[in-house]
Amino acid sequence: MPIWNTDLTILGMTLIYNGYLGCSPLFPNIAISLCTLAAYRQAHQTCPKFTIQAQCKTLCHLHDMPYCPYLRSQFSAAYDAFLEIVYRVDVLLKQALKHDTPNWRLLNACPACTYKLVDESPLQFAWFATIDGNNSLKRWASSSPNSLPRDDSRRPRSDYWIGHDAVDKFKDEVRSRTVSVFCIINFKYVKYPYDQALDKNDKVDDWEDVRDDQEVPGEAVFHCTARWCNAGPEQRKKMFSVFDESGIFIAACRHHFVLVACDMIHSGELAKYLLAIMDHLMAVYGQNGSCAYDIGCAFSKTLSTSSLGPRADALALRMMVGAFHGHAHNRKCQLDWHPMYITGTGHTEGEGCEHIFSSLNELARSTQHASPFHRHQSIEEHFNFWDADKYAALSNFLFNHYREAIHVIQTLQAKLSVIKCELNLDDADFVKFYNEEKLYLDRLKEPPIRDRLCIQYVEIRAALNTARIRLQNAEALVAHMEIQLCIEERWVIGGPKYIQFKEEATLSKYRTVLNELECLVVMRLFELSKLSLSGTGRYKLRQQIGKALQRHSEAIRNAIYRYNTQAAALNPPRPKLSWKDIAEYSFLGEFDLLRHSCTDIRELDWTKPAHREATTRYFKLLHAREEVSRLNVEEMETNKVITDLQLSYPLLASELQRQWRSHSATNMFHIFHLNQIENLPSYSGMRGIGMQTSSGRRSMPKIWRIWLAISIPL
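Just so it is clear: in the sequence shown, position 377 is 377 by the UniProt record's numbering, and no numbers are missing.
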């Protein structure tokens, strides 16, 4: 397209007027069609796995040219500008329609939830929301540990997000939990705290929760939150240190419209994210609300003891658990928190976030290595499309739920009529059964304290008898070993022989725990490397890798503790290891240095860091020379193959011209790089085009060369 005016402003306007958008604001060399950008936006919204790289490769194939990585950056820049234009046009429309008031989107997010009518029937709950967290949309901190991310002042465009400052207001609302030990003194329980604080300087690299606090007997029977990772102690909810954002927390209405969201930063599902979301929802929607969460039973206590507690009580906020997750809670918890036993919930399942996550997980592959702005941009685009899609399906949602409710009423009403006649019951009896079950579970207690003391005495008496038997067996075993070793006089503890073989036993244990530690670290590094490989973007696969990392990290910590115990017992003691040391180790090399044989090798040259580094560089140099020799051969062979392809079948039929152009363009791309190789000052191979040998080790038949030239897929 000819451009007649060189003024930069007029240049941009000319491109837009002709339906194109430049890839750079000043002096663009490449422009992309607005139709192409709009088509990609729609394709990406419909299929989140369809990334910009896939779009660029598609365009390259359509235009018969090889794909170059810089094309993705150019397309991304143009796409950012395109979305910025769309956003600013949308802002102007909202201003014209008076839709730019604070919280307008949230107050009008769902027509069925937020649009109130005059003289409408009163509802038990004026608004209903479901909250949940998801850890699939992680974002890696950096591709290189020593590199710094480029500053990007751009911020999220929409009001879906709750900022980090608003979230961190509640970071101190939940105190760190401690393990408590209960002792019986004069038939009374006395609670002693046991400090379990983690080392603040030791980076926790997993998200493995421990069991909740030990409760007073009688309450532990109904303790269900230990089954849920997000109900664990706050100080243990740490995410992999390689991620900046470890996921998102969202709130949705019962019709699955997205209300608000916030990022999880270096952590799991902490209480501060829920408190920030609840604070925002209560401020916008007001009283008589209800909110479902996987562990709503536990979070209700956190909410009531937080700074939001008085406001939540004044607004009559009701927490509950989701219908699906609720069945994993104990029976007493279900009677109090399951939607089936809460008046006014209807068929609300409280699992709306799961529907959103099932679609949102497809974005994981494209956001793991994105910048913070591009990650938010992709999620916002998906939220906008999701809400538009849910709006299009809203009437169908209402129709299906209405039809289902009518069917349930007709079916169960007939069945209950028969049951009530057979058992001589009425509706009041069912409510009575419910209340009686609750009363029974509330009164359910463990045996009296004196009975428990008697049981404890019997257990201790049995343990004492077992210890005596073990002592007798140990004495018999020692006598048997003395006979086998022909030991006439029993070794004295502290004697020369005893000390010698005690050190051997200690060294053997040291080697055993070191081997175990090495195995666990290597397994962890393998699993961690898989997270950044292509093809692991699927949610289930990444979940399995993440769980494996959690197990390995916890096992490594235990192995470090055992290693340090054995290392301290050696003479002389070996240096202790910390989690930071393990993170900096390579796969095998550093661990091999720790294996001390019967001879002390610490003074040998090959164990010294300088000698080891020089040895490593020597072998790298050898392999570099080998690589040059191999590349000299491969460069000539590649050049010859391309030349043969150009000469062997020049008269292609018309229906194969497109495939031939594509392959020729790729060959020109290869020739360009091959010429660059030959122009290197240190190039030591043959120049020019070689001759193919008739019996070469990788000779290519003519018919096969022809097939390579014409078999490029459309």
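Built from N, CA and C at the ideal position, the CB exists for glycine as well.
* Asked: Closest Cβ-Cβ distance between Ser508 and chain D: below 8 Å?
  -> Of the chains in the structure shown, none is chain D; there is only one protein chain.
* **Of the listed residues Phe669, Val628 and Asn667, nearest to Leu680 (C-alpha basis)** => Here residue 680 is taken as the residue at index 680 of the sequence shown, counted from 1. Ranking Phe669, Val628 and Asn667 by Cα distance to Leu680 puts Val628 first.
* Closest by C-alpha distance to Phe50, when choosing among Gln287, Leu363 and Gly322 -> For the purposes of this step, residue 50 is taken as residue 50 along the sequence shown, with counting starting at 1. It is Leu363.
* Asked: So, do the region 558–568 and the region 508–520 have three or more beta carbon pairs nearer to each other than 8 Å?
  -> yes
* Measure the C-alpha to C-alpha separation of His355 and Asp426 and round it to an integer number of angstroms. => Counting from one through the sequence shown, the residue named residue 355 turns up at place 355. Counting from one through the sequence shown, the residue named residue 426 turns up at place 426. Roughly 38 Å separates the two Cα atoms.
* Asked: Thinking C-beta only, is His401 closer than 8 Å to His347?
  -> What you label residue 347 is simply residue 347 of the sequence shown in a count that begins at 1. What you label residue 401 is simply residue 401 of the sequence shown in a count that begins at 1. Contact: yes.
* In chain order, each beta strand (DSSP E) run of at least 3 residues that lies wholly inside the region 249–326 -> 258–265, 289–292 and 318–320
* Asked: Can you list, in chain order, the residues of its chain whose CB lies under 7 Å from that of Gly309, leaving out five sequence neighbours each side?
  -> Position 309 of the sequence shown, counted from the first residue, corresponds to residue 309. The residues are Leu303.
* What separation, rounded to the nearest whole angstrom, lies between the Cα atoms of Ile409 and Asn558? -> Here residue 409 refers to the residue found at position 409 of the sequence shown. Here residue 558 refers to the residue found at position 558 of the sequence shown. Approximately 56 Å between the Cα atoms of the pair.
* Report the partner residues of Glu245 according to the DSSP bridge assignment. => On the sequence shown, position 245 is the one that residue 245 refers to. DSSP, once it has assigned bridges, lists Arg139 and Ile265 as partnering Glu245.
* **Collapsed DSSP secondary structure at Ile487 in the structure displayed** => Residue 487 sits at position 487 when you count from the first residue of the sequence shown. If DSSP states are grouped into helix, strand and coil, Ile487 belongs with coil.
* Please determine, among Ala166, Lys576 and Leu62, the residue with the shortest C-alpha to C-alpha distance to Val513. => Looking up residue 513 in the sequence shown gives position 513. Nearest option by C-alpha distance: Lys576.
* Asked: Across which residues does DSSP place Leu97 in a beta bridge pair?
  -> In the sequence shown, residue 97 corresponds to position 97, counting from 1. Beta-bridge pairing links Leu97 to no other residue.
* Among residues of its own chain, excluding the 5 on either side of Asp372, which ones have a beta-carbon nearer than 8 Å to its beta-carbon? -> What you label residue 372 is simply residue 372 of the sequence shown in a count that begins at 1. The sequence shown places Pro at residue 372, rather than the Asp named in the question. Excluding sequence neighbours, Pro372 sits near Arg139, Asp152, Asp244 and Glu245.
* Have a look at Glu173 and Glu437 and give me their C-alpha separation to the nearest angstrom. => Sequence index remark: in the sequence shown, residue 173 carries index 173 (1-based). Sequence index remark: in the sequence shown, residue 437 carries index 437 (1-based). Rounded to the nearest angstrom, the two C-alpha atoms are 35 Å apart.
* To do: With a 10 Å radius around its C-beta and 16 neighbouring C-beta atoms as the bar for buried, classify Leu453 as buried or exposed.
  => Numbered from its first residue, the sequence shown carries residue 453 at position 453. So Leu453 ends up on the exposed side.
* For residue 721, which residues from the same chain have a beta carbon less than 7 Å from its beta carbon, with the 5 sequence-adjacent residues on both sides left out? -> Any answer about residue 721 is impossible in this case: the structure gives the chain only from 1 up to 714.
* According to DSSP, residues forming a beta bridge with Ile32 -> For this step, residue 32 is matched to residue 32 along the sequence shown. Looking at the DSSP assignment, Ile32 forms a beta bridge with Leu21.
* May I ask you to report which of helix, strand or coil DSSP gives Ile689? => Looking up residue 689 in the sequence shown gives position 689. Note: Ile689 maps to coil in three-state DSSP.
* Asked: Quick one: Cα of Lys301 to Cα of Asp387, how far?
  -> Along the sequence shown, one-based indexing puts residue 301 at 301. Along the sequence shown, one-based indexing puts residue 387 at 387. Answer to the nearest angstrom: the Cα atoms are 32 Å apart.
* To do: Please list, in chain order, all residues of the same chain as Glu678 whose beta carbon is under 7 Å from its beta carbon, the five residues on each side excluded.
  => The residue given as residue 678 occupies position 678 in the sequence shown. Excluding residues within five positions, the ones whose Cβ falls inside 7 Å are Arg687.
* To do: Decide if Thr599 is buried, meaning its Cβ has at least 16 other Cβ atoms within 10 Å, or exposed.
  => In the sequence shown, the residue the question calls residue 599 occupies position 599. Legend: pLDDT at Thr599 = 46, less than 50; position of this residue unreliable, value from coordinates given subsequently. Flag for Thr599 reads exposed.
* **Start-to-end residues for the beta strand (DSSP E) that takes in Asn134** => Here residue 134 corresponds to residue number 134 of the sequence shown, with the count starting at 1. From DSSP, the beta strand (DSSP E) with Asn134 extends over Trp127 to Asn134.
* Asked: Assuming Phe75 contacts Ile32 under a Cβ cut-off of 8 Å, what Cβ separation, rounded to an integer in Å, is found between them?
  -> In the sequence shown, counting from the first residue as 1, residue 75 sits at position 75. In the sequence shown, counting from the first residue as 1, residue 32 sits at position 32. Right, their Cβ atoms sit about 6 Å apart.
* To do: Could you please give the first and the last residue of the uninterrupted alpha helix (DSSP H) stretch that includes His355?
  => Numbered from its first residue, the sequence shown carries residue 355 at position 355. Per DSSP, His355 belongs to the alpha helix (DSSP H) from Gly352 to Leu360.
* In the DSSP assignment, find the alpha helix (DSSP H) that holds Pro111 and state where it starts and stops. => Along the sequence shown, read from residue 1 onward, the residue named residue 111 stands at position 111. Counting along the chain, the alpha helix (DSSP H) containing Pro111 begins and ends at Pro111 to Thr114.
* To do: Confirm, please, whether the CB-CB distance from Phe397 to Glu255 is below 8 Å.
  => Taking the first residue of the sequence shown as 1, we reach residue 255 at position 255. Taking the first residue of the sequence shown as 1, we reach residue 397 at position 397. Per the sequence shown, residue 255 should be read as His rather than Glu. Cβ atoms of His255 and Phe397: closer than 8 Å.
* Given a cut-off of 8 Å, decide if Ala370 and Ser359 are closer than it, judged by their beta-carbon atoms. => The residue you call residue 359 lines up with position 359 of the sequence shown. The residue you call residue 370 lines up with position 370 of the sequence shown. No, Cβ-Cβ distance for Ser359 and Ala370 is not below 8 Å.
* Residue from Ala567, Ala109 and Tyr87 whose Cα sits closest to the Cα of Ala505 -> Counting from 1 along the sequence shown, the entry for residue 505 is found at position 505. For the residues Ala567, Ala109 and Tyr87, the minimum Cα distance to Ala505 belongs to Ala567.
* Just tell me which of Leu441, Asn288, Ala414 and Phe249 has its CA closest to the CA of Cys333. => Here residue 333 refers to the residue found at position 333 of the sequence shown. The candidate whose alpha carbon is nearest that of Cys333 is Leu441.
* Asked: Is the number of C-beta pairs between the region 311–330 and the region 274–294 that are closer than 8 Å three or more?
  -> yes
* Leu281 beta carbon less than 8 Å from that of Ala129 -> Taking the sequence shown and counting its residues from 1, the one referred to as residue 129 is at position 129. Taking the sequence shown and counting its residues from 1, the one referred to as residue 281 is at position 281. Cβ atoms of Ala129 and Leu281: closer than 8 Å.
* Report, in whole angstroms, the separation of the C-beta atoms of Cys253 and Cys353, which I expect to be a contact under 8 Å. => On the sequence shown, position 253 is the one that residue 253 refers to. On the sequence shown, position 353 is the one that residue 353 refers to. In fact, because the Cβ distance is near 11 Å, the residues do not count as touching under 8 Å.
* With distances taken Cα to Cα, identify the nearest neighbour of Ala392 among Cys110, Thr36 and Gly163. => As a first step, residue 392 must be located in the sequence shown, where it is residue number 392. Here the closest residue by C-alpha is Cys110.
* How would you label Arg375, buried or exposed, when you count the other beta carbons within 10 angstroms and need 16 or more for buried? -> Taking the sequence shown and counting its residues from 1, one reaches residue 375 at position 375. Counting Cβ neighbours within 10 Å, Arg375 comes out buried, since at least 16 surround it.
* **Burial state of Arg617, where buried means 16 or more other Cβ atoms lie within 10 Å** => On the sequence shown, residue 617 is found 617 positions in, with the first residue counted as 1. Exposed: under 16 other Cβ atoms inside 10 Å.
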